[in-house]
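Protein chains: 2
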Amino acid sequence: MAKKNAFYAQSGGVTSVINASACGVIETARQHKTQIGKLYAGHNGIIGALREELIDTGKESAKTIAALRHTPAGAFGSCRYKLKSLEENQAEYARLLEVFKAHNIGYFFYNGGGDSADTCLKISQLSSKMGYPIQAIHVPKTVDNDLPLTDCCPGFGSVAKYVAVSTREAGLDVASMCNTSTKVFILEVMGRHAGWIAGAAGLAKEAETDPPHIILFPEIAFDRKKFVKKVQQTVKKCGYCVVVASEGAQTKDGRFLADAGTTDAFGHKQLGGVAPTLATIIKEDLGYKYHWALADYLQRAARHIASATDVEQAYAVGKAAVEYAMAGKNAVMPAIIRGKGKKYSWTIQEAPLEKVANVEKMMPRNYISRDGFGITEEGFRYFAPLIAGEDHPPYKNGLPQYAKLKKVFAAKKLKKGFKV
Amino acid sequence: MAKKNAFYAQSGGVTSVINASACGVIETARQHKTQIGKLYAGHNGIIGALREELIDTGKESAKTIAALRHTPAGAFGSCRYKLKSLEENQAEYARLLEVFKAHNIGYFFYNGGGDSADTCLKISQLSSKMGYPIQAIHVPKTVDNDLPLTDCCPGFGSVAKYVAVSTREAGLDVASMCNTSTKVFILEVMGRHAGWIAGAAGLAKEAETDPPHIILFPEIAFDRKKFVKKVQQTVKKCGYCVVVASEGAQTKDGRFLADAGTTDAFGHKQLGGVAPTLATIIKEDLGYKYHWALADYLQRAARHIASATDVEQAYAVGKAAVEYAMAGKNAVMPAIIRGKGKKYSWTIQEAPLEKVANVEKMMPRNYISRDGFGITEEGFRYFAPLIAGEDHPPYKNGLPQYAKLKKVFAAKKLKKGFKV
């Protein structure tokens, strides 16, 4: 097999472990120097390929690459940039192949969610059609946990751990003050379409009266009356109530709670949020003192509280992607398959990209309790192993030490630029 | 010295290390069994004394008490309840002394901030006046870091670490996506009157272009034009801008930014927040894509990322309080004194409560940079050692394991209740 170079890119919203996948790809590629020449990383994801901004990962020391394993966010830069369909913008695909050809790239590793799985598949199809063979392997990543064929998605377990730990800690805070202070605490978490992240908060609950007392899922239509009643009952029973709400929580008619139709002093549409909307409801209908938090990026960047299981899986899919490429595979994704035994175990198996692209995995209804406000035993069993284990990053002067890359760019070979 | 019982109570907003102080008090009291009989903890703080709801800490195992050291929030319950002045409500003080007398309490340990230092002092003064001697020792605690005579306040170092770590992590997230996505990220943190907590975010900055790029302090009048200009300059220079804002950020005329005068769809005053207000400003004046987070209780409950220095100091002040009582002291507070050497060191020394009560320590102006948007070298040197060291709690099934108390109440001795 002729020696080819490789290209790796990070795509979409970053996670606290996507760099662990990068670490898996790069370290494994370095073990196959007879087959893989240079490994380039796209500066800001696929845009780096279009602009011919290729970071030469070979210029980074083994120590720096190893440190990627414990570094959050996208070390090479990621992007929100979905390639259009082949019909709509053939020039983009042509440019990609032109750049790949110019840099003798024969392996394409794309680290992202559903959209990038689709792009990865298209590149594979197109390359064979255009007579320039590229093996395209998708490396799964998304905090949304919505990729099919894989039991879970790297990135999700760590967000799940962050949310469960934060719920437990803030719950203790509220419990200890509720006699004279805050009665209702609301934590808003990510999840526009599915309640995977909110559901994981349920792991914080050990006893019946433990928080979270209410979880709001996008899958369950929000009913103000039912919600208010549940809050009131909980405060009466426990003295306080902790609510974990998906940003995607919505009413029966599909209206997001975050779009509360509020306006600011200038009459502009108010920057919403599910948490403040729920707080307003609680204030109006019950008059309880409340507090709310919006974790936003903190939750998906929190490498300091990453799940060791998640880190291992993120690394493993990166490693497997390179091994698949070395085995001549194309248009596949390493998927995480859960063992059948009672004790949690997992293996990596290949999944065809045709079956991954454009398919969104929703949370099964039987993970959500009958009243729609919590998770079931089945849900608990699904979530629990994904947050298992700690993988503390190294600290210096009280702060986690994260990798700093040199980011040396490969010399451009094409005369023409490309506008992105 | 006749054997007396002791009373301990937690007061005001809880922290991630106030239970470490409780642990210091209880473990040390257990070493002085010849002088201290039972150690009662107030259920929900001082209210527990007024209601004669006394938790017998002697019923908790040594293992449970040791676990308090790594348990956030107020394990015995805290309260927001300020005793009125002696003139206004003598009945309250009389009731306290009645309860203390009935339970043979001769030692009063009060774990709180400025208000509780004042209460502690009053109880000491009153007890000698009423001929029932009680040694009242204040145990310092507050995330606000605003107590005088002590170099720092237990609880602050851990919030500072949480904020610095979160700023660094979210900063990496934004940096990796800014080319095509969010340009400005705002983290709102606690600090109604002083910018101590926001200032600590400055520890995340190593290089000139590192986040946080802008810190907003209550001490520096907010100037929209200047702020917008700084955001724009930062985005141009770094590609993105991370803002850490005190909840107490205010304009020159003393109006809180959080009180933005916004109304919801029903015309009600909108639940504010500095972060969404700043986001609106950025949207209107610059049009950048933004995201914002509001850490709220997560920051002060985050025992999982506590500062080891803070935990040690919290324990040490609890321990010293009991030792002071054993040495016959009264109306004092163990203060943390910073050593003069270049290497950080600290000792515990006694401070008279007269000089602690009703004095608020503001952040020195020379800790804030000239332009008002960052911290100086002096500020950095002050903050840095306070977040040093990690003190990871034990984990089980991926979650921190926090102490669970039995909370056995002492039998009531008074016939009459007391309405609080």
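Chains G and D, in that order, give the protein sequences. Okay, so the first sequence: first residue is 1 according to the numbering used here, each after it adds one. Okay, so the second sequence: first residue is 1001 according to the numbering used here, each after it adds one. Glycine residues also receive a C-beta, built at the ideal position from the N, C-alpha and C atoms. All figures in this text were calculated on a predicted structure; none of them were measured in a lab.
Pairwise C-beta distances place the segment 112-123 of chain G in contact with the segment 8-16 of chain G, as three or more of them are shorter than 8 Å.
No Cβ-Cβ contact shorter than 8 Å links residue 171 of chain G with residue 274 of chain G. Within chain G, no residue has its CB atom less than 8 Å from the CB of residue 1241 of chain D, the nearest being about 14 Å off. A straight line joining the alpha-carbon of residue 1110 of chain D with that of residue 1334 of chain D spans about 12 Å. Nearest to residue 396 of chain G by alpha-carbon distance, out of D/1384, D/1398, D/1405 and D/1090, is D/1384. Under the Cβ criterion of 8 Å, residue 1140 of chain D is not counted among the residues facing chain G.
With respect to chain G, the C-beta atom of residue 1116 of chain D has no partner C-beta closer than 8 Å. Beta-bridge annotation (DSSP): residue 333 of chain G is paired with G/351. If you draw a 10 Å sphere on the C-beta of residue 4 of chain G, you find 16 or more other C-beta atoms in it, and that means buried. Secondary structure of residue 400 of chain G (DSSP, three-state): strand. Residue 1004 of chain D: member of the beta strand (DSSP E) spanning 1004-1010, first to last residue. Contact between residue 132 of chain G and residue 82 of chain G does not hold, since the beta-carbon distance rounds to 23 Å and is not under 8 Å. When DSSP reads this structure, residue 1054 of chain D sits in a beta bridge with D/1042. At a cut-off of 8 Å between C-beta atoms, residue 196 of chain G does not count as an interface residue with respect to chain D. For chain D, the residues of the segment 148-169 of chain G that bring a beta carbon within less than 8 Å of one of its beta carbons are 161, 164, 165, 166, 168 and 169, in chain order.
Within chain G, no residue has its CB atom less than 7 Å from the CB of residue 1212 of chain D, the nearest being about 13 Å off.
Residues of the same chain with a CB within less than 7 Å of the CB of residue 1390 of chain D, apart from the 5 flanking positions on each side, are 1308 in chain order.
Taking the Cα of residue 1276 of chain D as reference, the smallest distance to any Cα among D/1254, D/1186 and D/1399 is reached at D/1186. Every alpha helix (DSSP H) of 4 residues or more that sits fully in the segment 1172-1247 of chain D is shown, in chain order, as 1196-1200 and 1224-1238. The segment 1150-1159 of chain D and the segment 55-66 of chain G do not touch, with fewer than 3 CB-CB distances between them shorter than 8 Å. For residue 1024 of chain D, the uninterrupted alpha helix (DSSP H) segment begins and ends at 1018-1030. Sequence-distant Cβ neighbours of residue 281 of chain G in its own chain, meaning closer than 8 Å and more than five residues away, are 224, 227 and 228. The CB of residue 79 of chain G comes closer than 8 Å to the CB of 1177, 1179, 1180 and 1181 in chain D, given here in chain order. For the options D/1221, D/1166, D/1183 and D/1176, the alpha carbon positioned closest to that of residue 1203 of chain D is the one of D/1166. Per DSSP, the continuous alpha helix (DSSP H) segment holding residue 1121 of chain D begins and ends at 1114-1129. Taking a beta-carbon distance threshold of 8 Å, residue 1193 of chain D does not count as an interface residue toward chain G.
Between the segment 134-148 of chain G and the segment 357-377 of chain G there are three or more inter-stretch CB-CB distances shorter than 8 Å, so the stretches are counted as touching. Here DSSP, grouped into helix, strand and coil, assigns residue 89 of chain G to coil. In the three-state reduction of the DSSP assignment, residue 294 of chain G falls in the strand class, which pools E and B. Ranked by Cα distance from residue 222 of chain G, the options G/245, G/206 and G/213 are led by G/245.
Using a Cβ-Cβ cut-off of 8 Å, residue 1305 of chain D is close to 304 and 305 of chain G, given in chain order.
Identification of chain D residues near residue 400 of chain G by a Cβ-Cβ cut-off of 9 Å yields 1165, 1168 and 1169, ordered along the chain.
Check the Cα spacing between residue 1237 of chain D and each of D/1189, D/1213, D/1326 and D/1062: the tightest is with D/1213. Judged by DSSP secondary structure, residue 1139 of chain D falls outside any alpha helix (DSSP H) and instead within the beta strand (DSSP E) spanning 1135-1140.
Near chain D, meaning a CB-to-CB distance below 9 Å, the residues of the segment 376-389 of chain G are 384, 385, 386, 387, 388 and 389. The Cβ atoms of residue 1314 of chain D and residue 293 of chain G do not sit closer than 8 Å to each other.
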